[in-house]
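For reference, the structure is listed below as structure tokens.
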Amino acid sequence: MSKFFDNLETRSDSERFHDIGEQLPVQIKNAKENSSAFSEILKNINPEDINSIEDLSKLPVLRKSELVKLQSENPPLGGLITGNLNRLDQIFQSPGPIYEPGMVKHDWWRSGRALKAAGIGEGDIVQNCFSYHFTPAGMLSEQGVLAVGATVFPAGTGQTELQARAAAEIGVTAYIGVPDFLQIILDKGEELELDLSKIKKALVGG
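Here it is, written out as structure tokens:
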């Protein structure tokens, strides 16, 4: 089994810069033509002028406060998506509030690469302790687990004793979630004299 997620990770620098140069104007053109918000935001940008990493500095910055305003004026996504709202599988809400689109197709959130880098893959049982409630973190992580061929235990947050017991009984080998909660689960497992020794890998964030 390759230690790399895909061939994008083994490109030479010249190949990577070439690919970026090809894709940037395509993506900017798509945004201008198919998103009402980006049509206005990028009105002074010629897509063909953005064809390198350095050219990204020419693009206007959309700040969080502006995003909240855009979405409140044109709910729920501020006209930022390219296409119709009804083609989405999910809509999430993050603090702000900010609403985010979601799809359930293979690794839509592109999180599989991070899990692969953390050594998680086929044969692993991953306890996903990011919330599945409102925010995209739980689903984002789950898609990555499935993309690397591992099995997900959608644990979510809270219920520490149940989390520890499930980890022991299922044979969890990897954890995803905030770092503090992993320590809490391990401490609870020790208190309950549970065997959590199979947990060897973790991908944490917060």
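Quick note: the sequence shown uses our numbering, first residue 230, plus one each step.
Each residue gets a CB set at the ideal place from its N, CA and C atoms; glycine is no exception.
Computed from a prediction, not measured in an experiment: that's the story for all the values here.
Spatial distance of residue i from residue j (CA atoms)
{"i": "E436", "j": "R339", "result": "The structure shown does not extend to residue 436, since the chain is modelled only from 230 to 435, so the question has no answer here."}
{"i": "L415", "j": "K429", "result": "12 Å"}
{"i": "Q388", "j": "D235", "result": "37 Å"}
{"i": "I257", "j": "P276", "result": "6 Å"}
{"i": "Q319", "j": "P254", "result": "28 Å"}
{"i": "K440", "j": "G350", "result": "Missing from the structure shown is residue 440; the chain here goes from 230 to 435 and no further."}
{"i": "G307", "j": "L291", "result": "12 Å"}
{"i": "S286", "j": "I274", "result": "12 Å"}
{"i": "L314", "j": "S268", "result": "17 Å"}
{"i": "Q392", "j": "A384", "result": "7 Å"}
{"i": "K334", "j": "E244", "result": "27 Å"}
{"i": "G250", "j": "S241", "result": "14 Å"}
{"i": "M332", "j": "E420", "result": "40 Å"}
{"i": "D284", "j": "L271", "result": "14 Å"}
{"i": "E447", "j": "T402", "result": "Any answer about residue 447 is impossible in this case: the structure gives the chain only from 230 up to 435."}
{"i": "E398", "j": "A366", "result": "25 Å"}
{"i": "G400", "j": "P305", "result": "41 Å"}
{"i": "L375", "j": "W337", "result": "11 Å"}
{"i": "N259", "j": "S426", "result": "49 Å"}
{"i": "L317", "j": "I310", "result": "10 Å"}
{"i": "E390", "j": "A396", "result": "10 Å"}
Buried or exposed by the 16-neighbour rule on C-beta atoms within 10 Å, applied to residue i
{"i": "D424", "result": "exposed"}
{"i": "S265", "result": "exposed"}
{"i": "M368", "result": "buried"}
{"i": "S370", "result": "buried"}
{"i": "F410", "result": "buried"}
{"i": "L288", "result": "exposed"}
{"i": "D353", "result": "buried"}
{"i": "Q412", "result": "exposed"}
{"i": "Q252", "result": "exposed"}
{"i": "I312", "result": "Residue 312 is actually Gly in this sequence, not Ile. The residue is exposed, with fewer than 16 neighbouring Cβ atoms inside 10 Å."}
{"i": "G435", "result": "exposed"}
N- and C-terminal bounds of the alpha helix (DSSP H) containing residue i
{"i": "I249", "result": "D242 to N263"}
Range covered by the beta strand (DSSP E) that runs through residue i
{"i": "S323", "result": "Q319 to S323"}
Inset, instruction - May I ask you to verify whether the stretch 393 to 407 touches the stretch 346 to 363, counting CB pairs closer than 8 Å and requiring at least 3? - result: Judged by Cβ distances under 8 Å, the stretch 393 to 407 makes contact with the stretch 346 to 363, as three or more pairs qualify.
Inset, instruction - Indicate whether the contact test is met: 3 or more Cβ pairs, each with one atom in the stretch 341 to 349 and one in the stretch 368 to 388, closer than 8 Å. - result: Enough Cβ pairs lie closer than 8 Å, so yes.
Inset, instruction - Would you mind listing the beta strand (DSSP E) stretches within the stretch 352 to 431 that are 3+ residues and don't spill past its ends, in chain order? - result: Here the runs fully enclosed are 354 to 357, 380 to 383 and 403 to 406.
Inset, instruction - Indicate whether the contact test is met: 3 or more Cβ pairs, each with one atom in the stretch 277 to 286 and one in the stretch 321 to 329, closer than 8 Å. - result: Verdict: no, contact absent.
Inset, instruction - Scan the stretch 294 to 344 and note each continuous beta strand (DSSP E) run of 3 residues or more that stays entirely inside, going in chain order. - result: Counting only unbroken stretches of 3 or more residues, the beta strand (DSSP E) elements lying wholly within the stretch 294 to 344 are 319 to 323 and 327 to 331, in sequence order.
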